[in-house]
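Residue numbers (the numbering used here), protein chains in the order written: chain A, 2 to 285; chain B, 2 to 285; chain C, 2 to 285; chain D, 2 to 285.
Written as structure tokens, this is what we have:
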């Protein structure tokens, strides 16, 4: 536990003395800050910060930190989260038939690039069950039809509870989640196969081809009740030309989808993301 | 004239023997091909090509090449253009108040990166007249209001005729051209301050900021009757973050706009662009 | 076989009529060209071309094409290769302990992005044998020491012969091949973990960190007798900052290495690469 | 003066409580921090920070801030700088014959993207004097030969003193400064026409062409006594191909040089750069 750190993510109305106040809380209890990032959105009048410090030597016991910080948070009207680096988040990966993001996430988790436990794979198809078996991960097949959607989502929620899932990753899961589901489980990252807001909706690569664009992109975002409208976490692009067919765009897009999704998940797992309004701050 | 070249841009229904047929036309008349690029759009069943050869030694007099090529073009149902490298195109740059693209185009033309004569600057404002004077370029002020638009466009068309303009460059010209105008003068390149089709329309940087995107772009395209919908010639992007204000996006966007517009204009001036449907082939 | 194509890669001294001559060879035998790319290196006085045509309908039997083309090649003093799209190349992947490129190549081959058979994995370590087993690929462990190097290379060459290998991919194989080996088996692609020629040699990420660069890169190249000096096929880069530790550079570099190597291998397998001098033409 | 800010750049050995200590200095004197960035280089055991706060309301008079901060700096063994946003730095641009960076810097300064006064242009040639005249900037011609170099450098130093220059920008100044000069005037930014450390030295574009690279770059760095070895501030790259001649590389390189130099100068003028060892921290 000696290397373990605590991370505070705080957003509050901007005012004088916030950096000092928060740093003092840690310093006066003998904490050693190893990362401190602040951002002020002057348009929104909002101060956002991420503070990470070593638990070794910190004189508040881990379980009491939250309650000791609460009065400070109240005094600055803060939204805040507290995370510990040695708590390993449990994730569920949702897929349909495409395997490129699934393989990518599994391999990155295995090489410890992503610090998490992949507790569960959920799919509306059976196609990727062999991948799950290959790596010894639980695979639950939940087929979705128009008729059974509500009932199946209930089952999915139950599974998330049962497996104590902290984060759902839609890794090319080609079903739309209901508003109801999203409101009950808000920690969901999706990879969208276009440079949002361009080509929101279905078949973005076909539409990119038809429009004759010279660059295509991919977008990782948190899922909200508005499809393709959630807070953007990460985007990247690749150059294409008239020589690229729709199939080429899809192939090049896959490489983008993999890295963009992986970067977003990594930032989330490192507690580097603060959402406010429909925007994100991703601390470097 | 020894170094002068001729360039054929041809598009026609795809069939067997097109490369041979076109290359033979040049070879049998003793022409030396220095660039030959072909592209087949299998989905559209279309063959597109660009052939450039040295006029020195070519045994058809320059003025007869077109009429001698016409029968071949007919036999393959081709759309085609013939250009000579020593014909210097005459361009008109249209601006409003922003000067970054105007300066950029003038300086590139002066350093011979753009092979053209800047015959005319047209603006709906007086602000950039000093720039025109600084470089000794004709500047015509044509203010536009809702009421006088049709009449002013007539005046603009007259100027394009009078100055024998081959290409109009909208270098941050903040007025919309009427369909009527565009149908009468189709050679117009515009720089759009977003990664089209995202953020078509007004105030793209403000909307990019609000949407919280992580990358912004710019798009150079030919102008058609549908605003922001013309064939895309070139695009590029730059990474942004939560730290960038709308002003930062505008500043970073200016750098994009300059290079994207300049690359598109250069490709056009080198006769490297073929438009088909709403798409472009930009030969390398 | 109806969809199969033939591809000619030709380089020869530049002279008049080459495009016509080569296109006529195909056209007069009723071949339908589907891709034709040409490049002239005026400095070197060299013409380079890639012609791909449908075998269906071509009136020279496949086995006679080479002998029928030979006189034409002689007349233009050409170096040339002839490939058929339905001949599946056999590749050997060489690895040491890192698995990211190996996994990537296997998964791309399985998703048919790379058209080849992975006939063999050779390693100087045992670490990645489980990966080979997972995917049912032959794995041969050939440990290398200073003392046994010559003898082990003889064994490696024998394996390449025995398995009829067309292409060796050094997918993070951390041993240097002898000049002797390279001269006997010249079809080798390596991924170098830096933006060559910067940081040639060992530990590029550590040296990139020390030098404080703001961008890192990776390079795929053919292996020649001069270490890190072979013809470059593909390169790409990623932005880094003072916040990135050496470990971050290594992690970001892995993503680069994967895509850069995969793109190079794909271009090679599609017979799109011509080497001349120490340079490559990679036809789009 | 209401909008004016003060900026502290501090580097010191890493220890507990630094964020709190520095923030408290500002907070207890009623300062409102608007930007606070910290970085810890754990390998070097170094803490680096940039704090910017509003002078309005701050209860230490501007002229006393330095002396009041000195004891704190001493207690943490800090190197530090204090800047005020309403002090406009005076810059000298040094050029030879190429004008692209000079024009770019002048135009950015005029559009207030660069907050500085261009007090002086120095050149070893007369070629760009007309540009200086066009914009009404002082131009001093100081031709350099092997024989007169020491003497001319003395004259240059005198000019820098006389014009009270804070920053020298080598905007394609094709002469090497002596160690002696650099030690007497250390605030110099150079744009190097390659992706350092690749192609250090002369003729990088020719060498990039010969090596057949697929990407070229440019590097802005502080000038030190070791040529091309100073701390890197900013780099960027652009993709090239076999179709690009050396002239194309030079043309594409110019676009890079302009934006890379401009970004570096802007970061410097905003007091965002801390140099330590041979590295920079560029605060976002």
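We treat Cβ as the ideally placed atom computed from N, Cα and C, and that holds for glycine. Here the structure is a predicted model, which means the values were calculated and not measured.
Does chain D have any CB closer than 8 Å to the CB of residue 14 of chain A? Against the first chain, residue 14 of chain A aligns to sequence position 13. No - not a single Cβ of chain D is within 8 Å of the one on residue 14 of chain A.
Under 7 Å (Cβ pairs) to chain D, residues found in the region 39-50 of chain A: 39 and 41
Less than 6 Å between C-beta atoms, sequence neighbours within five positions excluded: which residues of the same chain meet that for residue 19 of chain D? Numbered from its first residue, the fourth chain carries residue 19 of chain D at position 18. 48.
So, under 8 Å CB-CB, residue 226 of chain B and residue 184 of chain B are touching, yes? Tell me the CB distance rounded to an integer number of Å. Translated into the one-based positions of the second chain, residue 226 of chain B becomes position 225. Translated into the one-based positions of the second chain, residue 184 of chain B becomes position 183. The pair is a contact, with the Cβ atoms about 7 Å apart (cut-off 8 Å).
Local Cβ density within 10 Å of residue 189 of chain D, reported as buried at 16 or more and exposed below that: Residue numbering aside, residue 189 of chain D sits at position 188 when the fourth chain is read from its first letter. So residue 189 of chain D ends up on the buried side.
Over the uninterrupted beta strand (DSSP E) stretch that includes residue 35 of chain D, give me the two end residues. Walking along the fourth chain from the start, residue 35 of chain D turns up at place 34. For residue 35 of chain D, the uninterrupted beta strand (DSSP E) run begins and ends at 33-42, by DSSP.
For residue 143 of chain B, name the three-state secondary structure that DSSP assigns. One-based indexing of the second chain puts residue 143 of chain B at position 142. Of the three classes helix, strand and coil, the one that applies to residue 143 of chain B here is coil, per DSSP.
Does any CB atom of chain C fall closer than 8 Å to the CB of residue 216 of chain D? On the fourth chain, position 215 is the one that residue 216 of chain D refers to. It does: the Cβ of residue 216 of chain D has a partner Cβ on chain C nearer than 8 Å.
At the 8 Å Cβ level, is residue 285 of chain D part of the contact set with chain B, yes or no? Counted from its first residue, the fourth chain places residue 285 of chain D at position 284. By this cut-off, residue 285 of chain D is an interface position.
Near residue 273 of chain C, what residues of its chain come up, given a Cβ to Cβ distance below 7 Å and the 5 sequence neighbours on each side ignored? Stepping through the third chain from its first residue, residue 273 of chain C is reached at position 272. 51, 283 and 284.
On the CB-based measure, 16 or more other CB atoms within 10 Å of its CB, does residue 76 of chain A come out buried or exposed? As a working mapping, residue 76 of chain A is identified with position 75 in the first chain. Exposed: under 16 other Cβ atoms inside 10 Å.
If contact is defined by three or more beta carbon pairs under 8 Å, each pair taking one atom from either stretch, is the region 203-221 of chain B in contact with the region 219-239 of chain A? Yes: at least three Cβ pairs fall under 8 Å.
On a CA-only basis, which of B/235, B/107 and B/69 is nearest residue 242 of chain A? Give me that one, please. Within the first chain, the letter at position 241 stands for residue 242 of chain A. That would be B/235, whose Cα lies nearest to the Cα of residue 242 of chain A.
Let me know the alpha helix (DSSP H) ranges lying completely inside the region 104-131 of chain D, each 4 residues or longer, listed in chain order. none
Which bits of chain B does residue 241 of chain C rub up against, with CB to CB less than 9 Å? Residue mapping note: residue 241 of chain C aligns to position 240 of the third chain, counting from 1. Those do not exist, as residue 241 of chain C stays about 13 Å from chain B at its closest Cβ, beyond 9 Å.
Starting from the N-terminal side, write out each stretch of the alpha helix (DSSP H) that is 4 residues or longer and does not extend beyond the region 16-97 of chain D. 19-28 and 66-76
Spatial neighbours of residue 108 of chain C in its chain, beta-carbon cut-off 6 Å, leaving aside the 5 residues before and after: As a position in the third chain, residue 108 of chain C is number 107, starting the count at 1. Closer than 6 Å at Cβ, skipping near neighbours: no residue.
Taking the beta strand (DSSP E) that residue 221 of chain D falls in, what are its first and last residues? Position 220 of the fourth chain holds residue 221 of chain D. Per DSSP, residue 221 of chain D belongs to the beta strand (DSSP E) from 216-223.
Identify whether residue 235 of chain D lies in helix, strand or coil by the three-state DSSP scheme. If you number the fourth chain from 1, residue 235 of chain D lands on position 234. Strand at residue 235 of chain D.
For residue 22 of chain A and residue 21 of chain D, the rounded distance between their alpha carbons: For this step, residue 21 of chain D is matched to residue 20 along the fourth chain. For this step, residue 22 of chain A is matched to residue 21 along the first chain. Each residue's Cα considered, the two are about 8 Å apart.
So the candidates are C/82, C/157, C/25 and C/186; which of them puts its Cα closest to the Cα of residue 223 of chain C? Position 222 of the third chain, counted from the start, is the residue given in the question as residue 223 of chain C. Taking only the C-alpha atoms, the option nearest residue 223 of chain C is C/186.
Per-residue contacts from residue 260 of chain C into chain A (C-beta, under 7 Å): One-based indexing of the third chain puts residue 260 of chain C at position 259. In chain order: 256.
Exposed or buried, which one is residue 25 of chain B when buried takes at least 16 other CB atoms within 10 Å? Here residue 25 of chain B refers to the residue found at position 24 when the second chain is read from its first residue. Buried: at least 16 other Cβ atoms inside 10 Å.
Chain-order list of residues whose beta-carbon lies under 7 Å from that of residue 172 of chain A (same chain, five-residue window excluded): Indexing the first chain from 1 puts residue 172 of chain A at position 171. Within the same chain, residue 172 of chain A has close Cβ partners 94, 95, 96, 102, 103, 106, 192 and 262.
Does the beta carbon of residue 66 of chain C sit closer than 8 Å to a beta carbon anywhere in chain B? As a first step, residue 66 of chain C must be located in the third chain, where it is residue number 65. Not one chain B Cβ lies under 8 Å of residue 66 of chain C.
For residue 2 of chain B, is the classification buried or exposed, using 16 other Cβ atoms within 10 angstroms of its Cβ as the cut-off for buried? The count along the second chain starts at 1 and reaches residue 2 of chain B at position 1. Note that residue 2 of chain B scores 44 on pLDDT, short of 50, meaning its location in the model is unreliable; the coordinates nonetheless yield the value given after this. By the 10 Å Cβ count, residue 2 of chain B comes out exposed.
Establish whether the CB of residue 272 of chain D and some CB of chain A are separated by less than 8 Å. Locating residue 272 of chain D in the fourth chain gives position 271, counting from the first residue. Not closer than 8 Å to any Cβ of chain A, the Cβ of residue 272 of chain D fails to qualify, so no.
Inter-residue CB distance, residue 179 of chain D and residue 154 of chain D (contact presumed, cutoff 8 Å): Within the fourth chain, numbered from 1, the residue matching residue 179 of chain D stands at position 178. Within the fourth chain, numbered from 1, the residue matching residue 154 of chain D stands at position 153. With a Cβ gap of about 6 Å, residue 179 of chain D and residue 154 of chain D count as contacting.
Report yes or no: is there a C-beta of chain D within less than 8 Å of the C-beta of residue 25 of chain A? Position 24 of the first chain holds residue 25 of chain A. Under the Cβ criterion of 8 Å, residue 25 of chain A is counted among the residues facing chain D.
Taking the alpha-carbon of residue 239 of chain A as reference, which of A/195, A/30 and A/6 has the nearest alpha-carbon? Locating residue 239 of chain A in the first chain gives position 238, where the first residue counts as 1. Looking at the Cα atoms, A/195 is the closest of the given residues.
Quick one: list the residues of chain C neighbouring residue 104 of chain A, beta-carbon separation under 7 Å, in chain order. In the first chain, residue 104 of chain A corresponds to position 103, counting from 1. Within chain C, the residues whose beta carbon sits less than 7 Å from that of residue 104 of chain A are 108, listed in sequence order.
Exposure label - residue 29 of chain C; buried when at least 16 CB within 10 Å: Translated into positions along the third chain, residue 29 of chain C becomes position 28. Exposed, because fewer than 16 other Cβ atoms sit within 10 Å of the Cβ of residue 29 of chain C.
CB-CB under 6 Å to residue 281 of chain B, same chain, minus the five flanking residues each way: which ones, in chain order? Counting from one through the second chain, the residue named residue 281 of chain B turns up at place 280. Here the set comprises 232, 234 and 274.
Hey, would you say residue 90 of chain B sits closer than 8 Å to residue 42 of chain B, going by beta carbons? Locating residue 90 of chain B in the second chain gives position 89, where the first residue counts as 1. Locating residue 42 of chain B in the second chain gives position 41, where the first residue counts as 1. The answer is no: Cβ separation not under 8 Å.
Is there a Cβ of chain A sitting closer than 8 Å to that of residue 236 of chain B, yes or no? Numbered from its first residue, the second chain carries residue 236 of chain B at position 235. Closer than 8 Å to some Cβ of chain A, the Cβ of residue 236 of chain B qualifies, so yes.
Pull up the distance between the alpha-carbon of residue 175 of chain C and that of residue 145 of chain C, whole angstroms please. The sequence position of residue 175 of chain C within the third chain is 174, counting from 1. The sequence position of residue 145 of chain C within the third chain is 144, counting from 1. So the alpha carbons of these two residues sit roughly 10 Å apart.
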